[in-house]
Amino acid sequence: MEDSKKTSTKKIADYWNMRGETYSRSWQSLAKKRLSLMETDLVTNVIKNLSAGKKRPIRVLDIGIAIGRISEQILKCNVELYGTDISETMIKICQEKFRGNKEVKKFALHDVHNPIPSGWGTFDVVTAFRVIAYSPQWKKELRNIFDAMRPNGTFIFTFPNRYSSHWLSTHIIRRKLDGVTASLNELKKALYEAGFSHIQITGYSRLLDSFYDWADTKISSDMLFSFERLLEKLLGPTLFVRLFYIICQK
Ligand SMILES: C[S@@+](CC[C@H](N)C(=O)[O-])C[C@H]1O[C@@H](n2cnc3c(N)ncnc32)[C@H](O)[C@@H]1O
1199 MEDSKKTSTK KIADYWNMRG ETYSRSWQSL AKKRLSLMET DLVTNVIKNL SAGKKRPIRV
1259 LDIGIAIGRI SEQILKCNVE LYGTDISETM IKICQEKFRG NKEVKKFALH DVHNPIPSGW
1319 GTFDVVTAFR VIAYSPQWKK ELRNIFDAMR PNGTFIFTFP NRYSSHWLST HIIRRKLDGV
1379 TASLNELKKA LYEAGFSHIQ ITGYSRLLDS FYDWADTKIS SDMLFSFERL LEKLLGPTLF
1439 VRLFYIICQK
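In short: position in the sequence shown from 1, add 1198, done, that's our numbering.
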């Protein structure tokens, strides 16, 4: 591994090891819980459709499990779940949280820059919410994920939109973690190049994340979501959104 790549991987892992359980604070407010439900519904709807008429469990890989926000909902479906994270702390949190859950096959330390171990088999569904966002090598990450999927498998993930207020606030003003962004066309091109097809891209949130943290009452949360909906009507599904939500197939 080149030195610069090792350093940036270590930096990402160190950051998330430090965040650990405190990451749950990012999802505490009412508006954030509502947003979280919108995201997890995207995943559970796909799994439920795949499960219809099938007796066998759907094989799911959740990449970047963190505190298990996505995995927790996936585990309500008929699945065999594998989960990975670059942070040892996050893996320990999930191992503890889901201890004894028979649907969980493995939670393992893994960096998605590297191929997914072939011994885990291939997957019907792969999820990576808010994970493919940190490395300039994100196109390689897409290829690694493609290789780990079954033919016709579904990949659901988020990717930061370069043209959003959030990107301006986080990367230019606050200079937090280094991250990557793409325009809609760059993202589509990268997905086609990695081999994906049936690409559907929507988006959400044109307002700063802080508004979601503040909106902790029903009234403020309703106002926030109504305003987002109005912006969506005016600007369309992806223009200036903070995150692209992508569902595509192998
Ligand atoms: C913003 S959190 C998102 C967690 C979860 N997917 C969710 O949406 O709640 C990002 C997580 O991705 C993990 N991560 C970042 N880069 C990664 C990589 N290259 N390989 C695997 N996990 C990674 C981090 O350690 C962290 O736990």
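Using N, Cα and C, we set each Cβ at its ideal position, and we do this for glycine too.
Source: prediction; values computed, not measured.
If you drop the 5 nearest sequence neighbours on each side, which residues of the same chain put their C-beta closer than 7 Å to that of residue i?
| i | result |
| --- | --- |
| Ile1210 | Ile1284, Tyr1332 |
| Phe1344 | Ala1392, Gly1393, Phe1394, Lys1448 |
| Ser1403 | Glu1426, Val1439, Arg1440, Leu1441 |
| Met1199 | For Met1199, the predicted structure reports a pLDDT of 49, less than 50, and the residue's modelled location is therefore unreliable. The matter cannot be settled from this model. |
| Ser1249 | Ile1256, Cys1275, Asn1276 |
| Leu1233 | Tyr1410 |
| Tyr1361 | Ser1381, Phe1438 |
| Cys1292 | Ile1263, Gly1266, Ser1269, Gly1281, Phe1305 |
| Leu1428 | none |
Pull up the CB-CB distance for residue i and residue j, whole angstroms please, since I reckon it's below 8 Å.
| i | j | result |
| --- | --- | --- |
| Ile1354 | Thr1325 | 5 Å |
| Ser1227 | Asp1407 | About 10 Å separates the two Cβ atoms, so there is no contact after all. |
| Glu1301 | Leu1273 | 5 Å |
| Ala1229 | Leu1422 | 5 Å |
| Asn1312 | Asn1342 | 7 Å |
| Ile1314 | Leu1259 | 7 Å |
So what's residue i in DSSP terms, helix, strand or just coil?
| i | result |
| --- | --- |
| Ser1192 | With the chain represented from 1199 up to 1448, any question about residue 1192 goes unanswered, as that position is not in the structure. |
| Gln1447 | strand |
| Asn1215 | helix |
| Thr1242 | helix |
| Tyr1221 | helix |
| Cys1226 | Correcting the residue identity first, residue 1226 is Gln in this sequence and not Cys. Note: Gln1226 maps to coil in three-state DSSP. |
| Arg1348 | strand |
| Ser1449 | The structure shown does not extend to residue 1449, since the chain is modelled only from 1199 through 1448, so no value can be given for it. |
| Asn1312 | coil |
| Ile1354 | strand |
| Ser1395 | strand |
| Ala1306 | strand |
| Leu1273 | coil |
| Glu1278 | strand |
| Leu1340 | helix |
| Asp1283 | strand |
| Ala1388 | helix |
In its own chain, which residues sit with a C-beta less than 6 Å from the C-beta of residue i, not counting the 5 before and 5 after it?
| i | result |
| --- | --- |
| Ile1445 | Ile1354, Gln1398 |
| Trp1336 | Ile1330, Val1378 |
| Thr1282 | Ile1261, Ala1306, His1308 |
| Thr1352 | Val1244, Val1323, Gln1447 |
| Arg1348 | Thr1320, Asp1322 |
| Ile1289 | Asp1283, Phe1305, Leu1307 |
| Thr1287 | Asn1215, Gly1218 |
Could you name the residues of the same chain whose beta carbon sits closer than 8 Å to that of residue i, not counting the 5 residues immediately before and after it, in chain order?
| i | result |
| --- | --- |
| Glu1237 | Ile1268, Phe1327, Thr1356, Tyr1443 |
| Asn1359 | Trp1365, Thr1379, Ala1380, Ser1381, Leu1382, Gly1401, Thr1436, Phe1438, Val1439, Arg1440, Leu1441, Phe1442 |
| Ser1363 | Arg1404, Leu1405, Leu1406, Phe1438, Arg1440 |
Check this for me: beta carbons of residue i and residue j, under 8 Å apart or not?
| i | j | result |
| --- | --- | --- |
| Glu1278 | Val1310 | no |
| Leu1382 | Thr1436 | yes |
| Tyr1213 | Ile1265 | no |
| Lys1252 | Tyr1280 | no |
Does the beta-carbon of residue i, which I'm using as the reference point, lie nearer than 7 Å to any heavy atom of ligand 3?
| i | result |
| --- | --- |
| Tyr1332 | Absence of ligand 3 from the depicted structure is noted, with ligand 1 being the only ligands included. |
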